[in-house]
Every structure is written in C-alpha cells, then in structure tokens.
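Going down the list, the protein sequences come from chains A and B. All the letters of the first sequence, read from the start, carry residue numbers 1 to 169 under our numbering. All the letters of the second sequence, read from the start, carry residue numbers 170 to 338 under our numbering. For glycine and all other residues, C-beta sits at the position ideal for the given N, C-alpha and C. Quantities reported herein were computed from a predicted structural model and do not represent experimental measurements. Note sheet for the following structure.
Number of protein chains: 2
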Amino acid sequence: MSNHSPTLVRMTARVAPGSGADLALLLLGCYRRLIDTVISELEERGHEDLRASHHYAMTAIDAGADNASELARRMAVTKQGAARTIETLLDRGYVVREQDPADARRKKIRVTPLGHEVMRQGAAVLDRLRRQWGRQLGSAGLARLEHQLTALVGDAPVRLEAPGWVAHD
Amino acid sequence: MSNHSPTLVRMTARVAPGSGADLALLLLGCYRRLIDTVISELEERGHEDLRASHHYAMTAIDAGADNASELARRMAVTKQGAARTIETLLDRGYVVREQDPADARRKKIRVTPLGHEVMRQGAAVLDRLRRQWGRQLGSAGLARLEHQLTALVGDAPVRLEAPGWVAHD
DNA sequence: GAGAATAGACAACGTGGTTGTCTAACCATA
DNA sequence: TATGGTTAGACAACCACGTTGTCTATTCTC
C-alpha cells in the first residue's frame, strides 16, 4: 500500500452489539451519513468545501450574531476561530462584511443571497434524507426516534468541532 | 469578552424541530454527550487526554491490526496518521512496540494491561450511560432506538474524524 | 473625564490529519 | 538465484481548524 488514499473500511458496526460503545458508533454513523450526503450533493452542485460549521455559522449570523465576537459566543469558539470562519465565508462569497455605522469597532456580517441559497440547498438535502428515513421507519417511528433523541440530549449545548472522544476543556 | 475560554452556548436544539438539520444535530448531540461523559470521567480517574480514536485504535490492535500499516487500513487513515496515533499510545503506555521476529520490516504493537484497563473503564462508562438511557426510554424503547439506528446506518463505514459537515475527500 | 469593557486584529502554536519521498525487507517468478 | 514489484516504516513539509497571548481602537459607565 502506498502512503496515501486510505481505503474506507468499516471499523464501526459491531464493536459489540448492545454495548454502549456500539450505540455511540451508531449515533455517529447516522450523523455522518446525513452530513456526508449533504456535502457530496452540494459539491456536485458546485459548492465545494462546505462544512457543517459553515451552515451553522450562517444560521447564527442570520439569527443576529452579525459580528465576529457575537458569533464566537454563539458558536462557543474563540473570537479568532469565529474570525477565521468568517474569513472563509467571505472568500466563498457566502457573507459580506461592512462597517457598522453605529459602532466604529464593529464590522457587521451579512449572509449574501448565494449564502442563503447554499443554506437552502443544504437544508433541502437534509430534509429529503429525513423523509427517506421516515419512509424507512414509518412516520411514527421517525417521530419516536426524534422524541427519544431529544429526551436524551436535553437542551445540552453541542460543540460542533471535536468529534473525538474528548472535548477540549 | 476576552479572547479565550469561549462560553458553551447551546446553538443546537431547535434549528427547526422536525427538520433534517435538527435531526442531524440531535444525533451529534447524543453522540457527544456519551463521549464527553466518558472523557471527563476517565480524566477524573487519571487518564488524561484520551480520545475516542484511541479507544478504537486499541480495539483494532486487539483485533489483529497489530502494526502501523494494518491499523492504518482498518482505521481508514494514512500510515503516517496511524503511526502518530501509535506514537501517542506508546507515550501514554497503552501499547508497546516490539520487533516482529518473523518480519524484519514489521514492528508489532500490543496493548498493555494499562491500555486494556482504560478500554475496560471507557466501555464501562458507556455501558452505564446506555443503561441509564434504557431506564429513561424503557428497555423496549432503547432496543427500538438501536434497531432504528442500525437500519439507518446499515453497514456503512464510519470515519471517526471529521465530524464536520464535510468529509475530507 | 478616567477606567473598564468590548471589537477586532496579529503572531505563534498545537493537534490530527495529509502528501511526497525515501530505505529496508520481503516475495514471486523467470 | 537474481531481479523487480510490493510492503513496512520513517522523515519532512504542509494544511485545516482551532487555540493562547498580546495589542490597538473604540465605546460604555460612573
């Protein structure tokens, strides 16, 4: 084997069915399946290198986190982290940055029509996948699944990065 | 706000209940809840800086991926990636590396008793959390949840890294 | 007005991966 | 049995995405 292009191998399923570790892997697997599908479909439509965090960032911006500091708070990252995300969104043309006339320190961020279009397409793919799951599980089954997950996660915050076994702090 | 120590904010729940995006966040949230609990509990017991990937790597090693190249294949990363993981596992004393007598190129990796202890403790925490969820959902509910997730994820491979909206390739 | 808090930026760094290149060892086969 | 292909492991350089620490400019509060 060369050094590169690792083959995708399923190291997931059946760590030990019925174990907690297996349950964790199932959850991650389902999440990844959703996200990976969105990514690849949007890539086909010309939106390269999108990340989930881009979508969430734009959602937060739309919801009022229209400057780097506020976005940092909402996304639970440092200001620098948020600034870098904004930088890439600017590069891609998904947001624009303009001086806040009311506060010379602030630079307001605004999602562009292109950004909204990406969000719309991403959401549409996810919704389609959800409907697909709904057909597979039955709509009652899907509702139950979501209800159960909601009960489990409560209203705990979720950090989007750091998928790993560890949270950084 | 200073530049550091971002506050944890819930940007998850209620992206839009009933949407695909919300479902994705629920899945991630549940996964993260499991993993974060394991991390912090193991940290309390003196196992610092553990990652899920460490656990999975040790599992793979135990299952026969006892050299860097093979581990790389199983974990779907490059040899260098696997080598680095092994390096940290060596540092922590979770594995040892010894020359393979049968093949001068190979260096065999073996999980130490300490490594097994960490795996055992991690699995125990996950199992406990799963039982807790079982009490919350009822055992039929938990079984159904797992059954549904299994149906959804199928036997697709899961890459452990890259939690984001994008897979790296 | 003075002092504290806030917004944004810069540089340096850490982590966990990547690619690309290299050597040494093994293996198959002509 | 010599040779050419494949494999294992390592080194260096890089990248993405976050971090910390420090800085200036501006605003807010009293």
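- Distance CB(B:ARG266)-CB(A:GLY20) smaller than 7 angstroms: no
- DSSP bridge partner residues for A:GLU98 (one or two, in chain order): A:LYS108
- Query: From B:ARG261 to B:GLU286, what does the alpha carbon distance come to, in whole angstroms?
  - Reply: 13 angstroms
- Message: Please report the distance separating the alpha-carbon of A:VAL9 from that of B:ARG243.
- Response: The predicted model places A:VAL9 with a pLDDT of 39, which falls under 50 and marks its position as unreliable, so this point remains unresolved.
- Between B:PRO332 and the rest of its own chain, which residues show a CB-CB distance below 6 angstroms, the 5 nearest in sequence each way excluded? The predicted model places B:PRO332 with a pLDDT of 43, which falls under 50 and marks its position as unreliable, so this point remains unresolved.
- DSSP on B:ASP260, reduced to helix/strand/coil? helix
- Message: Which same chain residues end up closer than 8 angstroms to A:GLY64 when comparing Cβ atoms and leaving out the 5 residues on each side of it in sequence?
- Response: GLU70
- Task: Determine, using beta carbons only, whether B:ALA252 and B:ALA237 come nearer to each other than 7 angstroms.
- Result: yes
- Message: Just to confirm the assignment: which complete alpha helix (DSSP H) runs, minimum length 4, are found wholly within the segment 198-259 of chain B?
- Response: 221-231 and 237-244
- Message: Looking only at its chain, what residues have a beta carbon closer than 6 angstroms to the beta carbon of B:GLY284, apart from the 5 residues adjacent to it on each side?
- Response: MET227, TYR263 and VAL264
- Message: In the DSSP assignment, the alpha helix (DSSP H) including A:SER139 goes from what residue to what residue?
- Response: 139-153
- Task: Assuming A:ASP66 and A:ARG120 form a contact by the criterion Cβ under 8 angstroms, report the distance between their Cβ atoms to the nearest whole angstrom.
- Result: With a Cβ gap of about 19 angstroms, A:ASP66 and A:ARG120 do not count as contacting.
- Message: Closer than 7 angstroms between beta carbons: that is the criterion. Which residues of the segment 234-245 of chain B meet it against chain A?
- Response: SER238, ALA241, ARG242, ARG243, MET244 and ALA245
- Partners in chain B for A:ASP100, counting only beta-carbon separations shorter than 9 angstroms: Chain B residues near A:ASP100: none, gap ~17 angstroms exceeds 9 angstroms.
- Query: Hey, out of A:ASP49, A:GLU146, A:TRP133 and A:ALA124, whose CA is closest to A:THR88's CA?
  - Reply: A:ASP49
- Task: For chain B, find out if any of its Cβ atoms is closer than 7 angstroms to the Cβ of A:LEU129; answer yes or no.
- Result: yes
- Query: For A:VAL38, which residues of its own chain have a beta-carbon under 7 angstroms away from its beta-carbon, when the five flanking residues on both sides are left out?
  - Reply: GLY122, VAL125 and LEU126
- Taking the C-alpha atoms as reference points, what is the distance between A:THR79 and B:CYS199? Before going on, a small fix: residue 79 of chain A reads as Lys here, not Thr. Rounded to whole angstroms, A:LYS79 to B:CYS199 spans 27 angstroms at the Cα level.
- Does A:GLY29 have its Cβ less than 7 angstroms from a Cβ in chain B? yes
- Task: Measure from the alpha carbon of A:GLY81 to the alpha carbon of each residue in A:GLN99, A:LEU42 and A:HIS54, then state which is nearest.
- Result: A:HIS54
- Under 7 angstroms between C-beta atoms, does B:ALA273 make it to chain A? no
- Message: With a threshold of 7 angstroms on Cβ separation, who are the neighbours of A:TRP133 within its own chain once the five nearest residues in sequence on each side are excluded?
- Response: LEU142
- Query: Which residues in the same chain have their Cβ closer than 8 angstroms to the Cβ of A:ALA32, if we skip the five residues on either side of it in sequence?
  - Reply: Checking the sequence, you will find Arg at residue 32 of chain A rather than Ala. So no residue of the chain qualifies.
- Task: Could you check if B:ASP191 is buried or exposed, using at least 16 other CB atoms within 10 Å of its CB as the buried criterion?
- Result: buried
- If you run the structure through DSSP and keep just helix, strand and coil, what is B:SER188? coil
- Collapsed DSSP secondary structure at A:ASP103 in the structure displayed: coil
- Message: Considering only the alpha carbon of each residue, which of B:GLN268, B:ILE230 and B:ALA271 lies closest to B:THR254?
- Response: B:ILE230
- Note down, in chain order, every chain A residue with its Cβ under 8 angstroms from the Cβ of B:THR320. A quick correction: the sequence has Ala, not Thr, at residue 320 of chain B. Within 8 angstroms Cβ-Cβ: GLN136 and LEU137.
- Item | Inter-residue Cα distance where the pair is B:HIS216 and B:LEU321 | 34 angstroms
- Is the CB of B:GLN301 under 7 angstroms away from at least one CB in chain A? no
- Item | Proximal chain A residues relative to B:ALA126, where beta-carbon distance stays under 9 angstroms | Nothing can be reported for residue 126 of chain B: it is not among the residues displayed for chain B, which extend from 170 to 338.
- Closest by C-alpha distance to B:TYR225, when choosing among B:SER209, B:GLU210 and B:ALA245: B:ALA245
- Task: Compare the C-beta of B:GLN290 with all C-beta atoms of chain A and state if any pair is closer than 7 angstroms.
- Result: no
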